[in-house]
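Written below as structure tokens is the structure these notes are about.
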Amino acid sequence: MFDRYDAGEQAVLVHIYFTQDKDKEDLEEFESLVSSAGVEALQVVTGSRKAPHPKYFVGEGKAIEIADAVKATGASVILFDHALSPAQERNLEALCECRVVDRTGLILDIFAQRARTHEGKLQVELAQLRHMATRLVRGWTHLERQGGGIGSRGPGETQLETDRRLLRNRIMLILNRLERVEKQREQGRRSRAKADIPTVSLVGYTNAGKSTLFNQITAADVYAADQLFATLDPTLRRINVADVGETILADTVGFIRHLPHDLVAAFKATLQETRQATLLLHVIDASDLRIEENIAAVDTVLEEIEANEIPTLMVMNKIDMLDDFVPRIDRDDENMPIRVWLSAQTGDGIPLLFQALTERLSGEIAQHTLCLPPQAGRLRSRFYQLQAIEKEWMEEDGSVGLQIRMPIVDWRRLCKQEPALADYIV
Ligand SMILES: Nc1nc2c(ncn2[C@@H]2O[C@H](COP(=O)(O)OP(=O)(O)OP(=O)(O)O)[C@@H](O)[C@H]2O)c(=O)[nH]1
Ligand SMILES: [Mg+2]
């Protein structure tokens with residue numbers, strides 16, 4: 001339904017600068033996005049503007065330049081490094097006689113190619129349908145031109161209404177399915193939370209090396225490639241951390257600056273694992289010239305998905321690309337690890353990362369409110385022994401309410417010894 005271009009297709013790229021000093025890196029990132037989508041760039045058209053033009057986004061002269069570039073190169077698609085309004089897309093397509101895909105459309109296409117799990121695919125399709133819904137006026141006419149339209153009815157009012165209805169039905173269907181998947185996911189998360197199995201979530205700018213690190217840590221075979229957004233769905237694995245025990249490690253989709261806002265919403269569910277993680281490993285490409293901006297972009301997205309309060313350990317990756325660099329741990333005033341310098345590729349520094357994980361995770365505190373029935377008095381005295389009780393009160397039915405606080409390691413040991421404990425959590 002969304003084959004707006006095929007891998008191997010050839011494109012004219014358009015990138016407009018809005019400031020005086022030309023930011024070469026932004027264009028480079030756009031080019032790697034394009035090659036991640038499997039599209040070959042034949043020509044790049046750049047220009048400068050103070051503000052987007054309402055009709056074509058670019059000015060009329062620039063629009064004609066783009067049209068000429070399409071004719072000269074024989075490109076079959078124009079890719080814009082900006083968000084276009086449906087009208088701008090339509091006007092450009094009419095002028096250039098060529099399909100136009102904007103930045104949102106491009107990122108959605110990459111997501112669609114990369115989505116692996118059922119849930120990921122559903123979420124991408126939902127975002128695509130919503131993006132398309134705003135462009136419906138012309139969406140199907142160009143599909144018909146390609147001979148790939150739905151049905152053989154002619155264009156016009158009736159066709160448009162049918163399309164709208166189909167689109168609405170499909171969106172409802174996907175929302176229903178997503179709700180079911182999300183419920184199952186939530187159950188898994190809740191049982192992990194009850195046993196207080198810590199979850200460590202890898203986050204970071206796209207291409208920082210998260211999946212490579214994930215593989216090193218788990219020795220698992222997760223798809224890692226030199227492409228942006230190689231991972232779309234969080235992948236969960238169990239790992240074993242000394243003095244902490246079983247821990248869940250989650251790989252996640254890479255973040256990127258100027259992430260279209262409706263995409264953030266679409267992927268919020270996918271990032272649930274991240275939002276409820278015990279600890280975030282913020283993976284950073286230490287060899288990237290834009291290191292500061294990448295960190296800031298990730299922080300912004302973390303804020304948007306409400307994960308900015310979660311304790312974070314920074315992983316400065318790719319030290320093999322730096323000169324004479326040995327792995328090390330940086331610590332704060334309280335001697336807690338805050339940064340680990342390593343190479344996910346060569347494996348240098350991985351033992352240091354495990355050491356830092358032990359230190360950070362075993363320092364975590366478990367806090368719970370419990371409701372103990374009268375027959376569970378023995379448990380109450382255990383908590384007294386452990387000096388873990390912050391507050392105690394009587395419930396009307398004779399059970400005892402407890403607010404407890406203790407090192408997570410002790411709590412988990414207790415959960416193993418007293419399996420009934422999880423049932424008493426309020
Ligand atoms: N030199 C070097 N390259 C690395 C290192 N870690 C990862 N890479 C390379 O960086 C590229 C991206 O790695 P991935 O692990 O796919 O990155 P990612 O953060 O998971 O990317 P997305 O999932 O696309 O956001 C790959 O080509 C890796 O081989 C490292 O320590 N050193
Ligand atoms: Mg990845």
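Numbering-wise (full-length UniProt numbering), the sequence shown opens with residue 1 and increments by one. Beta carbons: idealized from backbone N, C-alpha and C, even for Gly.
Residue i beta carbon near ligand 2 (any heavy atom closer than 7 Å)
i	result
G254	yes
D288	no
S36	no
D285	no
A115	no
D251	yes
A224	yes
Pairwise C-alpha distance: residue j and residue i
i	j	result
A208	D285	5 Å
R328	I338	11 Å
P407	K121	39 Å
Q403	H368	6 Å
V12	G245	53 Å
M336	L33	37 Å
G372	G401	Note on identity: in this sequence residue 372 is Leu, with Gly being the wrong assignment. Cα to Cα, L372 sits roughly 6 Å from G401.
A224	T104	23 Å
A250	L166	36 Å
L353	R238	16 Å
T235	Q43	37 Å
E28	V45	13 Å
K55	V100	14 Å
Q216	L414	31 Å
A356	V340	8 Å
E418	R405	17 Å
A296	D163	41 Å
N176	A127	15 Å
R412	I174	38 Å
S76	V203	36 Å
R290	G363	33 Å
I256	R380	49 Å
Q184	L322	44 Å
E182	T117	13 Å
A51	F325	44 Å
L178	E304	21 Å
Proximity test, residue i beta-carbon vs ligand 1 heavy atom, cut-off 7 Å
i	result
F229	yes
G209	yes
T206	yes
Q345	yes
M316	no
T134	no
D320	yes
T218	no
T235	no
T212	yes
Same chain, Cβ closer than 7 Å to residue i, neighbours up to 5 away in sequence not counted
i	result
K71	none
R170	L129
P374	G398, S399
D288	N294
T358	V241, A242, D243, V244
D410	L386
R135	P86, E89
W393	G401
Neighbourhood of residue i by C-beta, 6 Å cutoff - its chain only, sequence neighbours within 5 removed
i	result
H142	Only weak support exists for where H142 lies, its pLDDT of 43 falling under 50; the value from the coordinates is given anyway. Result list for H142: empty, nothing under 6 Å.
R138	In this prediction, R138 has a pLDDT of 48, which is less than 50 and means its spatial position is unreliable; nothing more can be read from the coordinates.
G151	For G151, the predicted model reports a pLDDT of 43, less than 50, meaning its position is unreliable and no value from the coordinates is stated.
F229	I110, R114, T206, G254
D102	F80, A83, L84
A277	T199, S201, I310
V124	F111, A112, A115
V426	T369, C371
A67	L95, C96
R49	I16
D330	I338, R339
Contact set for residue i: own chain, Cβ-Cβ below 8 Å, skip 5 residues either direction
i	result
D299	N308
G147	Bear in mind that a pLDDT of 39 at G147, under 50, signals an unreliable position, so the number given afterwards is only what the model happens to contain. Closer than 8 Å at the Cβ level, and outside the excluded window around G147, lies no residue.
residue 435	Only positions 1 to 426 of the chain appear in this structure, which leaves residue 435 out of reach.
H131	T104, G105, L108, D262
### Message
Could you check whether the stretch 271-281 touches the stretch 304-312, counting it as contact only if at least three pairs of C-beta atoms, one from each stretch, sit closer than 8 Å?
### Response
yes
Task: Contiguous alpha helix (DSSP H) assignments of at least 4 residues, all confined to the stretch 161-228 - done: 210-218
Counting Cβ pairs, one atom from each stretch, are 3 or more of them under 8 Å apart for the stretch 107-121 and the stretch 54-65? no
Item checked: Completely contained beta strand (DSSP E) runs for the stretch 266-325, where each covers 3 or more residues -> 279-285, 312-317
Runs of beta strand (DSSP E) lying entirely within the stretch 17-94, each at least 3 residues, in chain order
40-48, 77-80
Which residue spans inside the stretch 333-377 form an unbroken alpha helix (DSSP H) run of at least 4? 350-362
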